[in-house]
Amino acid sequence: MKIFLDTADITEIRRAADAGLIDGITTNPSLLAKVAGDREPREIFAEICEVVDGPISAEVIATDAAGMISEGRKLSGLHENIVVKLPLTEDGLRACRALSGEGIATNVTLCFSTSQALLAAKAGATFISPFVGRLDDVGHDGMEIIAEIRQVYDSYGFTTEILAASLRHPRHVLEAMLMGADAATLPSKVLYQLLKHPLTDRGLEQFLADWKGSGKEL
Ligand code: E4P
Numbered sequence: 363m364k365i366f367l368d369t370a371d372i373t374e375i376r377r378a379a380d381a382g383l384i385d386g387i388t389t390n391p392s393l394l395a396k397v398a399g400d401r402e403p404r405e406i407f408a409e410i411c412e413v414v415d416g417p418i419s420a421e422v423i424a425t426d427a428a429g430m431i432s433e434g435r436k437l438s439g440l441h442e443n444i445v446v447k448l449p450l451t452e453d454g455l456r457a458c459r460a461l462s463g464e465g466i467a468t469n470v471t472l473c474f475s476t477s478q479a480l481l482a483a484k485a486g487a488t489f490i491s492p493f494v495g496r497l498d499d500v501g502h503d504g505m506e507i508i509a510e511i512r513q514v515y516d517s518y519g520f521t522t523e524i525l526a527a528s529l530r531h532p533r534h535v536l537e538a539m540l541m542g543a544d545a546a547t548l549p550s551k552v553l554y555q556l557l558k559h560p561l562t563d564r565g566l567e568q569f570l571a572d573w574k575g576s577g578k579e580l
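For the sequence shown, the numbering used here begins at 363 and goes up steadily by one.
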């Protein structure tokens, strides 16, 4: 399963990329607004593309299909790794069909049901982003739609990749893996929660203390 970092923060991105922990990046307008300051979005995306050699999702702001197509072409022109992120609306799916037809990679976002995911796949989406945590927030079992989408895509032979999104804790990531998601996008906090284990820390401490006691050097 591919791991993407869900952030536009270049410091977080460099740390995870330097450690070889991530395969790509997802951003959204909220994440971009947090880091933008006086910089243009294109500068931020260019910087991210220099650091990470993998899919970088950049979301459109327009809400009409023509506007999304035009923004999508511009974003895609910034770098070959840019994936144009489009909302799961009627206009978003029109734009997805048009951009996919031009060979532009797309990520259809804000997916909250399996039927929405079917429509995105039929529109040629490269990735579908079901938002697990936000479904949990309103009393559903968000992970269920990952399993359902996997079943539907496999039954009908869709190649759209399932990108589990809005993951809030390591258990979400584990379940996404078990459900057969192709990728998961995580905030930094969850990425490092995956890495850390108290028994690893305790074990290492013990190994080093025992070795020190031997008085030898490697
Ligand atoms: C994914 O593409 C979204 O940017 C993200 O996962 C949303 O997560 P949130 O629900 O924690 O904001």
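Ideal Cβ positions, reconstructed from N, Cα and C, are used throughout, including at glycine.
For the pair Ile-365 and Ile-387, the CB atoms are not nearer than the 8 Å cut-off. Contact holds between the segment 366–375 and the segment 412–419, because three or more Cβ pairs, one in each stretch, are under 8 Å apart.
In this structure, the C-beta of Asp-368 approaches the ligand E4P to less than 7 Å from one of its heavy atoms.
Phe-366 has Gly-386 and Thr-547 as its beta-bridge partners, per DSSP. With a cutoff of 7 Å, Ser-528 counts as near the ligand E4P, since its C-beta is closer than that to a heavy atom of the ligand. Three or more beta-carbon pairs separated by less than 8 Å are not found between the segment 458–466 and the segment 495–511, which leaves the two stretches without contact. Asn-390 has its Cβ nearer than 7 Å to a heavy atom of the ligand E4P. Annotated as distal: Ala-509 and Leu-525, with beta-carbon spacing of 8 Å or more. Distances between the C-beta of Gly-495 and the heavy atoms of the ligand E4P include at least one below 7 Å. Straight-line spacing of the CA atoms in Val-494 and Glu-567 works out to 37 Å. Between the C-alpha atoms of Gly-486 and Phe-520 there is a straight-line separation of about 9 Å. By the criterion of at least three beta-carbon pairs nearer than 8 Å, the segment 455–462 is in contact with the segment 429–442. Sequence-distant partners of Leu-461 (beyond 5 residues in either direction) whose C-beta falls short of 7 Å from its own C-beta, in its chain, are Ile-431, Gly-434, Val-446 and Thr-468. Around the beta carbon of Pro-492, 16 or more other beta carbons lie within 10 angstroms, which makes this residue buried. One thing to note: Asn-390 has its Cβ within 8 Å of the Cβ of Glu-421.
At least one heavy atom of the ligand E4P is found less than 7 Å from the C-beta of Ser-491. Under the three-state reduction of DSSP output, Ser-528 falls in the coil class, being neither helix nor strand. Between the C-alpha atoms of Lys-436 and Glu-402 there is a straight-line separation of about 13 Å.
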